[in-house]
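Number of protein chains: 2
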Amino acid sequence: MSRDVHLAALRGLLGEGDVLTEPSAMAAYVTGARYDAGQAMAVLRPRSTAEVSAAVAYCVTNGLALVPQSGNTGLVSGSTPDMSGEAIVLSLDRMAKQFALDADNRSVRLDAGFTLSEVNRRLEAEGLFFPIDLGADPRIGGMIATNTGGSRFLKYGDVRQNVLGLTVVLADAEGSVLTLGSPLRKNNTGIDWKQIFIGTSGVFGIVTECILNLERLPQQSAAAYLVPSSADAVMPLLRMMEERLGDMLSAFEGMSAPAIRAALAHVPALRNPFQGGHVPDYVILAELSRTSAPREGEESLETVMEAVLGAIFEDEAALLADAFVGPPQEMWALRHALSEGVKHSGRLIAFDVAFARGDIMRFCTRMKEEMPSRFPQVTICDFGHIGDGGVHLNLVVPPESDGLADGSLEKALRDWVYAVTVEEFGGSFSAEHAIGRKNQHYYDLYTPARLKTLAAGLKPILSPGALGTVRFG
Amino acid sequence: MSRDVHLAALRGLLGEGDVLTEPSAMAAYVTGARYDAGQAMAVLRPRSTAEVSAAVAYCVTNGLALVPQSGNTGLVSGSTPDMSGEAIVLSLDRMAKQFALDADNRSVRLDAGFTLSEVNRRLEAEGLFFPIDLGADPRIGGMIATNTGGSRFLKYGDVRQNVLGLTVVLADAEGSVLTLGSPLRKNNTGIDWKQIFIGTSGVFGIVTECILNLERLPQQSAAAYLVPSSADAVMPLLRMMEERLGDMLSAFEGMSAPAIRAALAHVPALRNPFQGGHVPDYVILAELSRTSAPREGEESLETVMEAVLGAIFEDEAALLADAFVGPPQEMWALRHALSEGVKHSGRLIAFDVAFARGDIMRFCTRMKEEMPSRFPQVTICDFGHIGDGGVHLNLVVPPESDGLADGSLEKALRDWVYAVTVEEFGGSFSAEHAIGRKNQHYYDLYTPARLKTLAAGLKPILSPGALGTVRFG
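One line per chain: the protein sequences are L and G, in this order.
Quick note: to get the working numbering, add 2 to the position in the first sequence (first position is 1).
Quick note: to get the working numbering, add 2 to the position in the second sequence (first position is 1).
This is the structure in structure tokens:
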């Protein structure tokens with residue numbers, strides 16, 4: 003059948019205005035947040051699980067490839083079509099109606115197209131939040147499809163640990179709707195199928211609704227910058243903080259000097275917080291928080307932080323070159339500006355890798371030692387989540403560097419960095435961005451053959467139709 | 003081939019002493035913790051993943067059915083053979099050698115045959131623990147296969163949330179060994195296959211090794227008994243405690259008067275803590291804990307608990323009939339004795355159900371209202387985890403009751419209780435005991451046909467051989 007027949011049929015299912023075909027209207031849906039510009043036959047904007055089901059059934063029956071798209075904030079080309087112009091984008095951006103808070107159960111049932119910020123705005127008056135803290139503002143469905151972690155993973159875990167239930171549309175001829183999980187927290191009555199749809203980039207089905215666990219909003223917080231005396235001091239400092247502060251420690255983020263300098267240079271609102279303006283080689287942002295209501299006579303968290311840092315200075319002076327408590331909002335402003343700053347320092351080639359915690363600083367040191375001889379044009383602007391093992395290894399190169407235009411420099415960098423990450427350190431080449439077209443090659447390279455065979459066996463059972471931008475089989 | 007040929011072959015693989023066939027030696031392995039006495043062709047006691055793999059490969063190739071068994075503390079007949087005498091039990095009880103703590107990463111890599119108590123005994127000096135709090139003392143492999151929750155779920159989650167990696171032996175002709183996950187906390191590079199083996203009773207593979215997330219041991223705690231003015235007051239009290247105490251609230255357990263009275267009557271070491279010995283209709287055990295080290299000048303948790311209970315008395319007097327702080331160990335001793343006490347009060351028919359938190363007390367009230375007319379011989383001795391929705395609905399009947407010997411009374415009770423649980427309240431008929439022969443019927447009844455078809459499709463991909471005591475397909 004012709005393209006026009008398909009579009010007419012889809013318009014019949016969804017309504018005229020919910021099937022976009024004009025290039026200008028489709029532009030935002032076919033272009034990625036940082037990389038990629040693709041082409042699509044159409045963009046679908048269904049408003050309910052029933053509409054998603056109808057559209058998927060039509061597309062699968064007629065052999066049309068679908069690319070599910072949520073907030074389109076991802077960085078691995080997981081939610082935009084390729085250049086063929088044959089795929090149909092299915093956007094969740096109109097799936098943001100149902101929002102049912104269950105305050106007794108500390109959970110919310112909602113459509114998957116809500117943005118993270120909107121969810122938390124609606125929950126604020128109840129003193130609750132969905133505790134995934136990200137720089138970007140994705141929609142919930144995409145957060146589930148990539149299993150995002152973020153800066154408070156240390157305290158709250160990732161999306162997987164905070165999803166209670168999912169409604170999923172499968173890419174089969176019926177557009178089958180599965181309801182997986184429920185508001186229950188304890189339920190062990192068979193396979194927990196929802197896990198298959200978390201972190202797998204929408205390849206096995208489209209998440210249209212979900213039930214999320216909520217946490218109490220922190221009522222108090224305090225922040226400090228710690229300057230470790232060397233890279234080797236970072237892990238003992240983390241252990242010491244955990245020993246003394248337990249789960250009051252809600253973030254332990256590392257920032258390298260080049261990343262900090264890039265932020266200070268390119269984000270005018272920031273103030274240089276370091277004595278004499280001298281940026282140390284590496285800085286830890288440590289955050290304490292309490293979810294309990296403040297009580298009269300209770301020590302403030304600033305006092306607690308000061309006391310613990312004072313004790314570390316006294317007992318283990320060799321670990322800490324400097325440390326100071328400051329206003330949390332200002333201290334986080336620098337941390338959150340790192341990404342933006344780095345982007346403006348040249349051409350950015352970004353890596354989202356993860357390690358066992360004890361390996362993070364060893365990996366970063368290794369990169370800093372070998373990079374100058376292998377890729378002298380690269381500046382390493384790393385930062386990351388020391389508390390949970392995630393590292394954003396940002397590599398910045400001058401825009402005029404050889405091999406940028408044809409992608410050969412990026413390929414050479416990725417091949418080497420991922421080889422060190424995976425083969426030498428047993429790390430992950432995608433900590434919290436999941437898999438998209440951009441890292442398909444490394445999935446193919448590093449996934450054991452048996453697991454690819456298993457995935458190839460699972461795909462036709464769940465969603466035989468063409469869905470998403472990656473192959474797991 | 004004959005039985006003797008198989009036994010000789012298995013002895014060749016595992017060693018003479020690791021294949022039991024004497025009835026007296028097998029007795030402990032073929033009898034369940036509370037129910038069941040089965041029969042087995044043999045009991046295998048492998049010492050390593052390689053030995054498990056060799057034994058499984060032999061059994062699958064020769065069409066022998068295997069029943070994996072861990073601590074054999076389960077209550078749903080998930081780890082003991084049936085009466086046919088044809089199955090072979092594969093016990094993990096000699097798989098307790100490898101134990102590698104990674105203190106930097108707060109994780110441990112270990113063989114799956116360690117008991118929970120032994121794991122925590124070894125971690126105590128490091129100030130760490132595996133934060134699943136149970137009355138029984140299972141082995142880790144079985145805890146993974148049932149995804150146990152326990153009394154501190156409110157703070158730490160279930161086993162699923164604390165497993166980082168698994169080594170699994172599949173029931174295929176090769177006894178394939180899969181390594182799933184690693185010490186990493188953030189890793190989104192495809193399907194998280196380990197999830198399929200968590201909570202599925204060993205049907206898809208045998209967990210032989212794992213990597214567990216560890217938490218800091220609580221450094222301080224306080225406990226109180228709260229007497230709600232009515233069943234309706236329980237949920238407002240929980241919300242109020244969470245609002246004021248946040249994640250310092252580490253347990254919120256409910257205990258009914260009949261359960262308390264049974265414990266006081268049958269466990270001599272207990273002291274009746276209630277004024278004049280009068281046991282209230284329902285009592286909440288609330289626990290506060292801190293994982294931070296005590297600091298000079300810090301308010302004690304007893305003081306915090308007193309202050310918060312005082313404020314609730316002042317602001318919401320109608321909710322609370324009584325409340326008092328006491329020694330945590332003594333208060334937990336009564337809570338932990340409930341199960342033992344109930345067992346001695348008559349014949350026990352136990353239910354492990356779960357609900358959205360707001361439904362728990364409504365369900366319990368419903369049971370108490372309807373039971374006398376439907377089953378007048380039953381005493382309801384319920385207790386449970388109000389904080390996470392789990393209810394241990396223990397029904398006690400006189401030993402001479404009609405229908406006990408032939409199982410018809412138990413069947414009638416289960417049919418009715420599960421119908422109310424699942425059909426009316428959307429609850430779970432197995433909160434944390436998973437599925438075994440004992441609740442196969444209710445799995446078949448309440449699992450959507452599509453999910454059974456999917457499970458039937460998954461089983462041959464992973465483990466075509468006969469493994470475990472249940473069918474998910």
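Glycine is no exception: its CB is placed at the ideal position from the N, C-alpha and C atoms.
Residue i vs residue j beta-carbon contact at 8 Å
i: residue 152 of chain L; j: residue 139 of chain L; result: no
i: residue 168 of chain G; j: residue 186 of chain G; result: no
i: residue 216 of chain L; j: residue 125 of chain L; result: yes
i: residue 149 of chain G; j: residue 356 of chain G; result: no
i: residue 353 of chain G; j: residue 395 of chain G; result: yes
i: residue 244 of chain L; j: residue 218 of chain G; result: yes
i: residue 398 of chain L; j: residue 347 of chain L; result: yes
i: residue 70 of chain L; j: residue 469 of chain L; result: yes
i: residue 422 of chain G; j: residue 368 of chain G; result: yes
i: residue 76 of chain L; j: residue 137 of chain L; result: no
i: residue 331 of chain G; j: residue 163 of chain L; result: no
Separation of residue j from residue i, as counted between CA atoms
i: residue 160 of chain G; j: residue 462 of chain L; result: 31 Å
i: residue 133 of chain L; j: residue 220 of chain L; result: 10 Å
i: residue 296 of chain G; j: residue 275 of chain G; result: 28 Å
i: residue 81 of chain L; j: residue 404 of chain L; result: 29 Å
i: residue 98 of chain L; j: residue 208 of chain L; result: 15 Å
i: residue 351 of chain G; j: residue 131 of chain G; result: 33 Å
i: residue 213 of chain L; j: residue 141 of chain L; result: 14 Å
i: residue 202 of chain G; j: residue 272 of chain G; result: 37 Å
i: residue 444 of chain L; j: residue 206 of chain G; result: 28 Å
i: residue 46 of chain L; j: residue 269 of chain L; result: 37 Å
i: residue 27 of chain L; j: residue 386 of chain L; result: 36 Å
i: residue 391 of chain G; j: residue 108 of chain L; result: 11 Å
i: residue 40 of chain G; j: residue 379 of chain G; result: 30 Å
i: residue 3 of chain L; j: residue 14 of chain L; result: 16 Å
Identity of the residue in the options nearest residue i by Cα
i: residue 319 of chain G; options: G:360, G:210, G:228 and G:123; result: G:228
i: residue 194 of chain L; options: G:147, G:21 and G:245; result: G:147
i: residue 425 of chain G; options: G:42, G:365, G:107 and G:244; result: G:365
i: residue 52 of chain G; options: G:176, G:69 and G:31; result: G:176
i: residue 31 of chain L; options: L:398, L:85 and L:179; result: L:85
i: residue 409 of chain L; options: L:38, L:375 and L:475; result: L:38
i: residue 178 of chain G; options: G:358, G:66 and G:56; result: G:56
i: residue 172 of chain G; options: G:54, G:72 and G:156; result: G:54
i: residue 473 of chain L; options: L:239, L:281, L:204 and L:121; result: L:204
i: residue 67 of chain L; options: L:5, L:128 and L:35; result: L:5
i: residue 447 of chain G; options: G:46, G:270, G:121 and G:417; result: G:417
i: residue 189 of chain G; options: L:443, L:240, L:434 and L:70; result: L:434
i: residue 280 of chain G; options: G:259, G:374, G:292 and G:345; result: G:259
i: residue 192 of chain L; options: G:198, G:191 and G:192; result: G:198
i: residue 100 of chain G; options: G:120, G:87, G:83 and G:88; result: G:120
i: residue 429 of chain G; options: L:184, L:442, L:266 and L:388; result: L:184
i: residue 63 of chain G; options: G:8, G:35, G:73 and G:302; result: G:8
i: residue 393 of chain G; options: G:371, G:377, G:431 and G:415; result: G:431
Inter-residue CB distance, residue i and residue j (contact presumed, cutoff 8 Å)
i: residue 234 of chain L; j: residue 465 of chain L; result: Actually they do not touch by this definition, with Cβ atoms about 48 Å apart.
i: residue 21 of chain L; j: residue 44 of chain L; result: 5 Å
i: residue 200 of chain L; j: residue 165 of chain L; result: 6 Å
i: residue 363 of chain L; j: residue 237 of chain L; result: 6 Å
i: residue 294 of chain L; j: residue 250 of chain G; result: 5 Å
i: residue 231 of chain G; j: residue 103 of chain G; result: About 48 Å separates the two Cβ atoms, so there is no contact after all.
i: residue 475 of chain G; j: residue 457 of chain G; result: 5 Å
i: residue 224 of chain L; j: residue 78 of chain L; result: About 35 Å separates the two Cβ atoms, so there is no contact after all.
i: residue 1 of chain G; j: residue 427 of chain G; result: Residue 1 of chain G lies beyond the stretch modelled for chain G, which goes from 3 to 475, so this question has no answer here.
i: residue 211 of chain L; j: residue 114 of chain L; result: 6 Å
i: residue 10 of chain L; j: residue 60 of chain L; result: Going by Cβ atoms, the distance from residue 10 of chain L to residue 60 of chain L rounds to 11 Å, so no, they are not a contact pair.
i: residue 349 of chain G; j: residue 401 of chain G; result: 5 Å
i: residue 128 of chain L; j: residue 105 of chain L; result: 6 Å
i: residue 2 of chain G; j: residue 344 of chain G; result: No statement about residue 2 of chain G is possible, as the shown extent of chain G runs from 3 to 475 and does not include it.
The segment 450-466 of chain G contacting the segment 78-94 of chain G, beta-carbon criterion three pairs below 8 Å: The answer is no - the segment 78-94 of chain G does not touch the segment 450-466 of chain G, with fewer than three Cβ pairs under 8 Å.
Three CB pairs or more closer than 8 Å across the segment 252-259 of chain G and the segment 277-286 of chain G: Two segments are said to touch when three or more pairs of C-beta atoms, one from each, lie closer than 8 Å; by this definition the segment 252-259 of chain G touches the segment 277-286 of chain G.
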